[in-house]
Structure formats: C-alpha cells, structure tokens
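A quick write-up on the structure given underneath.
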Amino acid sequence: TAPYAPLVRRIESEGSIDGQMLVIDHFLNHRIEPGFIFELAHELARRLSFFQPNVILTAEASGIAPALIVAQALSVPMVYAKKYSTDVEAPSICRSIPSPTKGVETRLAISTRYIRPGQRVVIVDDFLANGRTAAALIEMAREAGADVRGAGFVVEKRFKQGREHIEALHVPVSTLAQVERLESGRVVMTQARDE
Ligand code: G4P
Ligand code: NA
Ligand code: NA
8 TAPYAPLVRR
18 IESEGSIDGQ
28 MLVIDHFLNH
38 RIEPGFIFEL
48 AHELARRLSF
58 FQPNVILTAE
68 ASGIAPALIV
78 AQALSVPMVY
88 AKKYSTDVEA
98 PSICRSIPSP
108 TKGVETRLAI
118 STRYIRPGQR
128 VVIVDDFLAN
138 GRTAAALIEM
148 AREAGADVRG
158 AGFVVEKRFK
168 QGREHIEALH
178 VPVSTLAQVE
188 RLESGRVVMT
198 QARDE
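UniProt numbering puts the first residue of the sequence shown at 8, with every later residue one more than the last.
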C-alpha cells in the first residue's frame, strides 16, 4: 500500500473537490488516459500477483478500465458485476447497495457461470470509500463458492471506513494512493510521496 508517486502527484496537482468527492474524471473515470491507466494498473497487478488470482472481479462502470488492465497483466479473465442486470440469466447472485451519489439503490448481479466454486478471486475497483461496493462483491463471490484472496483500489479515501470494513471480512487491501482528507480546494494525501 505504498503510495504510487506518479498517481499521487497527479491527484495533488490536478484533482478537484466536489463535496466529499475527489474528482479525477479527466484521467480515471469519465475521460480515460489509456497510457496512464495502463501504467497504474500494471503497478496494481504487480502488488496483487502475490494472491495468485485466476479471476479479477469488479463492478460496472468505472472499475472496468483498471480491472481489465490488471487482468490482462496477470493473464486471467475479468468479470464485472452488472448494474443493469435484467440481461443476467439465472442462475445469478445479486446484492442491492445504496448509491450515495444517485440517492437510489443499485443492484449488482453476477452470473454463477462466471464466478465458480474454488476460484481465486481478487477484487479491483477505482475508488475505496466506505467499501459497500467491494463488500457486496466479496459476499457475492463467496456465495458463489469462490475464495476471495485480496482487493486492490486505485484511490483510497482514508477518512471513510472502507479499509476497516473490507479487512473485517478477512480480505487484505492494497491501494495506490491514499487521500487523508479533502479540504476546501485542497486534496491532502496521507504520506509524503517518494520522489
Ligand atoms: P460507499 O460504501 O461509500 O457507497 O462507497 P464505495 O466505496 O462502494 O463507492 C461508491 C461509489 O462512489 C463507487 O462508484 C465509487 O467509485 C464512487 N466514489 C466514492 N468516492 C469517490 C470519489 O471521491 N470520487 C469519485 N470519482 N468516485 C467516488 P459507483 O457508484 O459504484 O459507480 P460507477 O462510477 O463505478 O458507475
Ligand atoms: Na466504481
Ligand atoms: Na465511480
């Protein structure tokens, strides 16, 4: 969980703040810079390779880009839980989670064809806030009989309880950048970056 300096630097210099949200959607989760996402996802893959996953699991939508590249780097498939899931054929596993940004419940669904008993699963997502998305993914994978080995996130918000929540489920957490707090107009990162 050492800070990944190129990402920390970009968050400090380019990140903006909208309430409790860190906005870096010009390179991570609206506009995507393939070269930069490739580099940071390879760093995340390097850290997650220890868990020897044979599948990477994420959630629609903004987890898909980093998860795809982590999966490619580790030569395993990637599965994403669907949010618009009328098209997920039974048998499937579902969870509903509150969406803080949209004010509604979001339903996540995965097909039991793609997460199988005994599989070694690693969760990847863009943000770890309170961790309800990741916790739902862990529960769903466990319900499918898989072994959840670890979880990796591009950005962790340390002032939320996500890490504590996920570690309480006995899943180790690795993150590339840690936000200590969001002040008015300023993003404060947890550790001084390595230069
Ligand atoms: P929660 O338990 O607090 O609800 O948090 P969780 O960690 O599950 O994150 C909920 C959603 O909010 C996720 O997206 C996550 O990426 C997003 N999110 C949380 N904090 C930030 C932030 O500071 N900046 C940005 N840009 N996103 C943040 P999602 O609702 O699952 O949707 P999607 O964007 O992947 O479609
Ligand atoms: Na997300
Ligand atoms: Na998001």
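Where is the CB? At the ideal position from N, CA and C, for every residue including glycine. Bear in mind that the values here come from a model prediction, so they are computed numbers and not experimental data.
Near ligand 4: Asp154 beta-carbon under 6 Å from a heavy atom: Among the ligands modelled here, namely ligand 1, ligand 2 and ligand 3, ligand 4 does not occur.
First and last residue of the uninterrupted beta strand (DSSP E) at Arg102: Ser99 to Ser106
Proximity test, Gly159 beta-carbon vs ligand 2 heavy atom, cut-off 6 Å: no
Span separating the alpha-carbon of Arg38 from that of Asp32: 6 Å
Rounded separation between Ala48 and Lys109 - CA only: 27 Å
Euclidean distance between Cα positions of Cys101 and Leu176: 18 Å
For Val194, the three-state DSSP class (helix, strand or coil): strand
Top-ranked residue by Cα proximity to Arg120, from Val86, Glu112 and Asn137: Val86
Where the alpha helix (DSSP H) containing Leu75 begins and where it ends: Ile71 to Ala80
Of the residues Thr113, Ser99 and Pro98, the one placed nearest Pro105, counting alpha carbons only: Thr113
CB contact flag (Asn137, Lys90, <7 Å): no
Cβ-based burial, Ser181 [other Cβ within 10 Å; buried from 16]: buried
Identity of the residues DSSP links to Phe134 by a beta bridge: Val162
Strand pairing of Ile63, partner residues [DSSP]: Met85 and Val129
Close-in-space but distant-in-sequence residues of the same chain around Ser118 (CB under 7 Å, 5 per side omitted): Val95, Glu96 and Ser99
Spatial distance of Ala142 from Val129 (CA atoms): 12 Å
Cβ-Cβ separation, Leu35 to Val161 (assumed contact under 8 Å), whole Å: 7 Å
Per-residue burial, Asp25 [other beta carbons within 10 Å of its own, 16 or more giving buried]: exposed
Straight-line Cα distance separating Gln126 from Pro13: 33 Å
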